[in-house]
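Using the working numbering, the letters of the sequence shown correspond one by one to residues 53 to 484.
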Amino acid sequence: MKMKKFVAMTMTAMLGLSLAACGGGGDSESGDSGSNDSGSSAASSDVANKDKPLVWFNRQPSNSSTGELDMTALNFNKDTYYVGFDANQGAELQGEMIKEYIENNIDGLDRNGDGIIGYVLAIGDIGHNDSIARTRGVRKAMGTAVEKDGEINSEPVGTNTDGSAAAVQDGKIEVGGKEYIVRELASQEMKNSAGATWDAATAGNAIGTWSSSFGKEIDIVASNNDGMGMSMFNAWSKDNKVPTFGYDANSDAVAAIAEGYGGTISQHADVQAYLTLRVLRNALDGVDVDTGIGTADDAGNVLSDDVYVYNADERSYYALNVAVVADNYQDFTDSTKIYDPVGNQLDESSHATKKVWLNIYNASDNFLSSTYQPLLQNYDKLLNLEVEYIGGDGQTESNITNRLGNPGQYDAFAINMVKTDNAASYTSLLSQ
Ligand code: BGC
Ligand code: CA
């Protein structure tokens, strides 16, 4: 108790200046009187902002160099959670999907017949746990992984056509009694000059550069996500019939499987978008957080445990991933369709409409804008939540935090950070 109060007061003191600069909001009185419950008049409730439900999603508060979870942010108040997906399970699945593809389609796969299966890898964000996990998953399955400090090195190699890069090694795979070398020919973080990561256009340019200098050596294209994967597919691999693998199961990528896209991973965004809003709904209703999740709610909404896991120590819900390949892609053609078992409308009389502030860190992120946000918008009314969607530029946290100048107008918050280290830029605004 005392500790919490001290932290809250320190933050208030430190951020007094930026509060003054925000202005406008008569609802967020400074709490420097030492009173713990600053609960002054708020637009839609009289709960102090620091006590309102908060969910982090898609980018887990964590140290971008070490990956260590930011437990202060994850425990901001008793109604704080993270919603994402199981990054390691998904990453293993992506690697295995590519390996199985090689094993099942070896005839003609080695395009130049040199005995080497060469792949290139598009990396999303070298400081993002999910991106790191996917790079590791591919390298592990391909046998190209090298350990560094007890973990698989996830650094980009630049160009490695001669196999000499230190961050990877040549792997070996035996198919049909024949042994092939597997080589990561090139990998790069797809960051544009303005600083946006997971950048699809940058990936499209990269495959252009790579293919013009060593295109015949490229047998497989792998990507940390579909946005970059599809950009490379459209720019080069589709015409050259080179199987390309991504992640997210966006509708366009799933459709491309019919045209030679190798496969993708569904991170069950339909379950994540539901959980993102559901944990807020439950806190606002003052009911057990498992309501409508592991335990059916009054409308019959419930999730089965094959689609998510909850880790109480990490305050985190993780959706489980599924590989989407030629055999099953027909079941995944619309990535914005809600998950049926949680598609029932809540009754307004017992779940009154509440206001939620929610931001998407990058309004032009392929996955977030074409899959995640449409899903959120399909669930919000079902859960009687009036959500204000804020789109960021993907580069600067302040572009988003500037638009959280009046938290007193909302009952709950859903936050998608630009950088996973930056949780305090948001919680400090809520602590004032
Ligand atoms: C998705 C990426 C997306 C990123 C944004 C990841 O979970 O797979 O496509 O760019 O989230 O944070
Ligand atoms: Ca080859």
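The beta-carbon is built from N, C-alpha and C at its ideal position, and this holds for glycine as well.
Checklist entry - Does the Cβ of S263 have 16 or more other Cβ atoms within 10 Å, making it buried, or fewer, making it exposed? => result By the neighbour-count criterion, in which 16 or more other beta carbons inside 10 Å mark a residue as buried, S263 falls on the buried side.
So, at 8 angstroms on beta carbons, what are the nonlocal neighbours of T132 in its own chain, with the 5 sequence-adjacent residues on each side left out? Excluding positions up to five away in sequence, the list reads P105, L106, V107, W108, A125, L126 and R367.
query = Taking the alpha-carbon positions, what's the G446 to E226 distance?
reply = Approximately 42 angstroms, taken between the alpha carbons.
Practice prompt. Could you spell out the range, first to last residue, of the beta strand (DSSP E) harbouring F109?
Written response: That run of the beta strand (DSSP E) goes L106 to F109.
Considering Cα atoms alone, identify which of A378, E231, M282 and I270 is closest to M149. The alpha carbon of M149 has as its nearest neighbour, out of A378, E231, M282 and I270, the alpha carbon of A378.
Please indicate yes or no: does the CB of R367 lie closer than 7 angstroms to some heavy atom of ligand 1?
-> A distance criterion of 7 angstroms places the beta-carbon of R367 beyond contact range of ligand 1, judged by its closest non-hydrogen atom.
Self-check item: Spatial neighbours of N280 in its chain, beta-carbon cut-off 6 angstroms, leaving aside the 5 residues before and after
Solution: First, the amino acid is wrong: residue 280 is Met here, not Asn. If we look at M280 and ignore the five residues flanking it on each side, its Cβ neighbours are A174, M242, A252 and A255.
* Minimum C-alpha distance to P113 - residue among T472, L482, P295 and Y232 -> For the residues T472, L482, P295 and Y232, the minimum Cα distance to P113 belongs to T472.
- Message: Using a Cβ-Cβ cutoff of less than 6 angstroms, which residues in the same chain neighbour Y441 once the five nearest sequence positions on both sides are dropped?
- Response: Cβ neighbours of Y441 beyond the five flanking positions: L410.
Notebook entry, point to check: How should V198 be labelled, buried or exposed, when 16 other C-beta atoms within 10 angstroms of its C-beta is the threshold for buried?
Noted result: Counting Cβ neighbours within 10 Å, V198 comes out exposed, since fewer than 16 surround it.
Can you tell me which of the three DSSP states D304 falls into? Per DSSP, reduced to three states, the secondary structure at D304 is helical.
What does DSSP give as the partner residues of D445 in its beta bridges?
DSSP, once it has assigned bridges, lists N414 as partnering D445.
Practice task
Report back the beta-carbon spacing between D222 and V234 to the nearest angstrom; my notes put them in contact at under 8 angstroms.
Solution key: Contact holds; Cβ gap of about 7 angstroms.
One question on the structure: do V331 and V135 come within less than 8 angstroms of each other, judged by their Cβ atoms? Going by C-beta atoms, V331 is nearer than 8 angstroms to V135.
Exercise. Do I168 and G228 have their C-beta atoms closer together than 8 angstroms?
Worked result: No.
Pick helix, strand or coil for G136, following the three-state DSSP scheme.
Of the three classes helix, strand and coil, the one that applies to G136 here is strand, per DSSP.
**OP:** Using beta-carbon positions only, say whether N101 and L482 come within less than 8 angstroms of one another.
**Re:** Yes, these two residues count as a Cβ contact at 8 angstroms.
Which one or two residues does DSSP pair with K389 in a beta bridge? Checking the DSSP bridge columns, you'll see K389 has no partner listed.
Original post:
With a cut-off of 8 angstroms, do at least 3 Cβ pairs link the stretch 389-408 to the stretch 314-330?
Top reply: A contact exists between the stretch 389-408 and the stretch 314-330.
- [ ] Let me know the secondary structure DSSP gives E241 once reduced to three states.
- [x] Assignment of E241 by DSSP, reduced to helix, strand and coil, places it in the strand class.
Q. Is it true that the CB of M282 sits closer than 8 angstroms to the CB of A258?
A. No, they are not a contact pair.
| message | For A415, tell me which candidate among M469, Y381, P459 and S402 has the shortest Cα-Cα distance. | response | Comparing Cα-Cα distances from A415 to each of M469, Y381, P459 and S402, the minimum goes to M469.
message: Going by DSSP, what residue range makes up the beta strand (DSSP E) through V190?
response: First-last for V190: N181 to M194, but that is the alpha helix (DSSP H), not the beta strand (DSSP E).
Simplified DSSP assignment, three categories, for S289: Correct three-state label for S289: helix.
task: Pick helix, strand or coil for S421, following the three-state DSSP scheme.
output: Three-state DSSP puts S421 in a helix.
- Item | DSSP bridge partner residues for A375 (one or two, in chain order) | I317, per the DSSP bridge assignment.
* Using the rule of at least 16 other Cβ atoms within 10 Å of the residue's Cβ for burial, across every protein chain shown, is S87 buried or exposed? -> Low confidence applies to S87: its pLDDT is 35, below 50, so where it sits in the model is not reliable, and the reading given next is rough at best. Classified as exposed, S87 has fewer than 16 neighbouring CB atoms from the shown chains inside 10 Å of its CB.
**OP:** Quickly, what does DSSP pair T347 with across the bridge? List them, please.
**Re:** Answer by DSSP bridge pairing, in chain order: T343.
Notebook entry, point to check: Any chance the CB of R111 is under 7 angstroms from a heavy atom of ligand 1?
Noted result: Annotation for R111 indicates a beta carbon within 7 angstroms of some heavy atom of ligand 1.
To the nearest angstrom, report how far apart A94 and P459 are at their CA atoms.
Confidence at A94 is low in this model, with a pLDDT of 45, below 50, so the placement of that residue is unreliable and no value is reported for it.
What is the residue span of the alpha helix (DSSP H) that S491 lies within?
This structure does not reach residue 491, given that the chain is present from 53 up to 484, and the question cannot be answered.
Notebook entry, point to check: Contact check, I390 vs N353 under 8 angstroms by CB: the rounded distance?
Noted result: Rounded, the Cβ-Cβ distance is 11 angstroms, inconsistent with contact.
field: Given T187 as reference, the closest of D201, G147 and G170 once Cα atoms are compared
entry: The shortest C-alpha separation from T187 is found at G147.
| Hey, out of H403, D432 and I317, whose CA is closest to F137's CA? | Selection H403, D432 and I317 evaluated against F137 yields I317 as nearest (Cα-Cα).
For ligand 2, any of its heavy atoms closer than 7 angstroms to the Cβ of R188?
-> No.
Identified DSSP bridge partners for L173: According to DSSP, L173 bridges with S239 and A274.
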